[in-house]
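Worksheet: one structure, shown below.
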Amino acid sequence: MKGLNVLLTGACGRIGKTFFEASKNRYRFTLTDRIAPDFDLGEHRFVHADLSDKSSLAALLDGIDVIVHLSGIPHASASFDELLPNNILATTYLFEAAVAAGVKRLVFASSAQTIEGYPVDRQITPGMPVLPANLYGVSKCYGEALCGYYAAKTPLSTIALRIGAFEFPETHDLNNARDLSAWLSPRDAVQLLQRSVEAEGVKHLIAHGISNNRFKRLDLSETTRILGYQPVDDAFQTFEIPITY
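Following UniProt numbering, the numbering of the sequence shown begins with 1 at its first residue and continues without gaps.
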């Protein structure tokens with residue numbers, strides 16, 4: 001897989017840095033973000049870019065095989081004015097540019113916020129309608145819809161990952177059983193992203209991105225079957241938090 005050229009957006013965020021550090025000997029990366037990296041790039045390339053400026057995208061995508069799109073406003077409290085350029089326009093422009101550049105696959109970082117309107121004791125299974133509880137979740141539903149549209153109408157392969165509560169065990173912000181049920185550990189996140197980049201024969205998939213938690217907010221059966229994702233961590237073993245809601 002060393003010959004695979006991967007564009008990683010949002011490369012300086014928590015998930016982006018974790019994925020890059022674990023995969024820098026696996027792929028050839030072009031990294032992009034609005035802020036400069038505070039880590040060693042090695043042989044890889046960094047391009048400072050604002051993805052809401054569509055004029056910069058063609059050069060960024062030259063020779064890219066797979067896009068891992070992690071950039072965007074990640075806050076559940078984000079306003080529409082924040083989300084429009086960063087989560088709506090930038091994502092739309094990136095899909096358009098990906099098709100024009102002949103990119104093979106786009107892996108889109110969606111969120112469990114797309115279904116957070118359901119009761120916390122209800123497990124989310126494949127095919128359930130989206131039910132966001134905030135505008136951030138709405139913006140991710142839009143991204144998932146773009147994945148479906150471009151997979152149906154173009155040669156692009158798309159995978160939307162509904163990422164749960166990504167937290168480092170040593171600096172986590174998990175408070176209750178609902179949080180634990182949605183945890184995605186750093187090493188499971190890396191495996192999930194690598195499988196999303198490499199899995200063959202996938203035209204379009206909405207996958208669930210959590211760890212192998214004893215109680216799972218998101219059902220992992222289809223994600224495991226299609227991507228070969230085998231998470232190893234369990235929040236209920238890792239964290240000493242009472243199982244109460």
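Every residue gets a Cβ at the ideal spot worked out from N, C-alpha and C, and that includes glycine.
Looking at the backbone, the Cα of Asp40 and that of Arg122 are separated by about 42 angstroms. For Ser111, no alpha helix (DSSP H) segment is defined; the enclosing uninterrupted segment is the beta strand (DSSP E) at 105-111.
Ile241 sits in coil when the DSSP states are folded into three classes, being neither helix nor strand.
In the DSSP annotation of this structure, Asp62 is not part of any alpha helix (DSSP H), being labelled neither H nor E. By the Cβ neighbour-count rule, Ser77 is exposed, with fewer than 16 other Cβ atoms within 10 Å of its own. The three-state secondary structure of Val47, taken from DSSP, is strand.
A residue is called buried once 16 or more other Cβ atoms fall within 10 Å of its Cβ, and Leu131, having fewer, is exposed. The shortest C-alpha to C-alpha distance from Thr9 to any of Phe215, Leu193, Pro231, Leu184 is the one to Leu193.
Annotation: Thr18 to His172 spans about 15 angstroms, alpha carbon to alpha carbon. Ser71 and Asp33 have their alpha carbons spaced roughly 7 angstroms apart. Ala109 and Arg162 have their alpha carbons spaced roughly 7 angstroms apart.
Closest option to Glu198, judged by alpha-carbon separation, among Tyr229, Arg217, Lys216, Phe215: Tyr229. The beta carbon of Glu43 sits closer than 7 angstroms to none of the beta carbons in its chain outside the five residues before and after it.
Per DSSP, reduced to three states, the secondary structure at Thr32 is strand.
In the displayed model, Ser52 falls within coil according to three-state DSSP, outside both helix and strand. For the pair Gly117 and Ser196, the Cα-to-Cα distance works out to about 26 angstroms. Measuring C-alpha to C-alpha distances from Val202 to each of Leu227, Gln191, Gly127 identifies Leu227 as the nearest. Contact between the stretch 43-55 and the stretch 210-224 is absent, with fewer than three C-beta pairs closer than 8 angstroms.
Under DSSP, Ile124 shares a beta bridge with Leu218.
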